[in-house]
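Residue numbers (the working numbering), protein chains in the order written: chain R, 1 to 212; chain F, 1 to 212.
Glycine included, every Cβ here is placed at the ideal spot set by N, Cα and C.
Okay, so here's the structure we're looking at.
There are 2 protein chains.
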Amino acid sequence: MEIKVAIFEDNKILRQSLQQLIDNAEGMVCTGAFGDANRIVRNIQLAAPDVVLMDINMPGTSGIEAVQILKEKFPQVQILMQTVFEENDKIFAAICSGASGYMLKKTGPQKMIEAIHETYQGGAPMTASVAVKVLQMFRLQSPAQKHEFVDLSEREKEILALLVKGKSYKAIASDCFISIDTVSTHVRHIYEKLRVHSKSEAVAKAINQKLV
Amino acid sequence: MEIKVAIFEDNKILRQSLQQLIDNAEGMVCTGAFGDANRIVRNIQLAAPDVVLMDINMPGTSGIEAVQILKEKFPQVQILMQTVFEENDKIFAAICSGASGYMLKKTGPQKMIEAIHETYQGGAPMTASVAVKVLQMFRLQSPAQKHEFVDLSEREKEILALLVKGKSYKAIASDCFISIDTVSTHVRHIYEKLRVHSKSEAVAKAINQKLV
DNA sequence: AAGAAAATCACCAGTTCAGGTGATTGACTC
DNA sequence: GAGTCAATCACCTGAACTGGTGATTTTCTT
């Protein structure tokens, strides 16, 4: 069975050459080529593709929005993003929206065909430079916190969590069935352990260090 | 100039066949092949490689630890991880420690040579299944929050940032060279826009939605 | 059984905050 | 030129918070 591919690309020349490339390739066929993503739902129903080639910059509905719509309505369709520039935030947004792969347009035809096959098989083809950026973003996101080892008691953690939610001492007292003075004492202990001196510092530290 | 490659791999057969593969390939040479990462600093100094092939599971110093050591002492060396299994946490740890690429051992020789070249050129070669896992992890980590689009003025963002740092109105007033009453007014506007009613709620929202 | 730690309560003084009203200036828009 | 909005300042009240003291009970460790 051939892989059915749909193309969304506003540049007519590029769109037609992609269509040719795909139709001439072994094992795949282009079932639709569109200049924008405006009537995407209907167009996808018409083309019934396995894989979608999606340009990220298009007039009207952007490629990113299109991915979100597609992934919601046709989650089985695999999406391969195409772009000229390697913008961090675009890459980030596309991946989070559910794109499977991310190729630069300067990619050669042979590599492009390979990428489509890989996408169809559930892979995640990425242009080298994009892969590097993804790993970089990955590293930035996670290792931020060096757990300073704050040893809060259960009760203190509970109260800290309520503080983070924005509750007042009074509300916490009633939530925990304790007096407001007790809350105040716990909070003081929390401040000592976190080495802070206000509610907002405590909240910031709690979130940043994932204590809650 | 040939690419100098060092191998860390506890399985002798595999180590030797990798060495042969590299020595027979165009444009690269194996300058060291080691069965463990125990004396890694000295071994790296001896081999002076551009690219290191690192097995993730080794007796003694693990591949992950070795990556951390290498990236600290020889940050210019690119590291290509090799493993039999696709364990999420291992992949995660290797990437965060600074590995450039991540290939399964079942990868064919031709692909392996390509991956080494790509690593040397600053790329991030990944076996398809690994790339998919990375993107999955990526999606899990970030998309928790739907940016509610809060339109704070520059001044308000500035003050919100100081609130997050745990500063009091008085401290903010003196930092911004404005009166405490003005701070209070700005804070009130911030609360309205964020639809919160206390400093700690505002701080929590600011951090969670990355407004600062 | 002694000691430590957690959880609870109380009182208190001074500070800070939340939210309400009202007002001025300058920049930008229609 | 009228209207809007950001930024600024002022005054006020009641509520909330910070941090200090001291004390009791339960639970866990040694």
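Which one or two residues does DSSP pair with residue i in a beta bridge?
i      : result
L211/F : DSSP, once it has assigned bridges, lists no residue as partnering L211/F.
F8/F   : F34/F and M54/F
I3/F   : M28/F
A83/R  : What sits at residue 83/R in the sequence shown is Thr, not Ala. Paired residue(s): L104/R.
Q78/F  : V51/F
Exposed or buried, residue i, counting other C-beta atoms within 10 Å across all chains shown (16 or more means buried)?
i      : result
G123/R : buried
R42/F  : exposed
G101/R : buried
H197/F : exposed
A204/F : buried
D55/F  : buried
G60/R  : exposed
F8/F   : buried
K12/F  : exposed
G118/F : According to the sequence provided, residue 118/F is Glu. The question's Gly does not apply to it. Result: buried.
K133/R : buried
D50/R  : buried
Q78/F  : buried
R15/F  : buried
L46/F  : exposed
F177/F : exposed
Mind reading off the beta-carbon distance from residue i to residue j? Whole number of angstroms is fine, and I expect it under 8 Å.
i      : j      : result
L236/F : I44/F  : Outside the displayed span of chain F (1 to 212) sits residue 236/F, for which this structure offers no information.
K193/R : V150/R : 5 Å
L162/R : A202/R : That belief does not hold up - the Cβ atoms of L162/R and A202/R are roughly 11 Å apart, past 8 Å.
A37/F  : A66/F  : 4 Å
I207/F : I207/R : 5 Å
I190/R : E156/R : 5 Å
D10/R  : M58/R  : 5 Å
With respect to 8 Å, is the separation between the Cβ of residue i and the closest non-hydrogen atom of the ligand MG below this value?
i     : result
V52/R : Absent from the structure shown: the ligand MG. Ligands present: none.
Which complete beta strand (DSSP E) runs does the region 119 to 204 of chain F hold, if anything under 3 residues is left out? none
With a cut-off of 8 Å, do at least 3 Cβ pairs link the region 166 to 186 of chain R to the region 166 to 177 of chain F? The region 166 to 186 of chain R vs the region 166 to 177 of chain F: no contact.
Any contact of the region 29 to 38 of chain F with the region 2 to 11 of chain F, i.e. 3+ C-beta pairs under 8 Å? yes
Using 8 Å as the cut-off, can you tell me whether the region 85 to 102 of chain F makes contact with the region 123 to 141 of chain R, which would need three or more C-beta pairs spanning the two stretches below that distance? yes
Counting Cβ pairs closer than 8 Å, one from the region 128 to 137 of chain F and one from the region 114 to 128 of chain R, do we hit at least three? yes
Take every Cβ of the region 105 to 120 of chain R, pair it with every Cβ of the region 80 to 87 of chain R, and state whether three or more of those distances are shorter than 8 Å. yes
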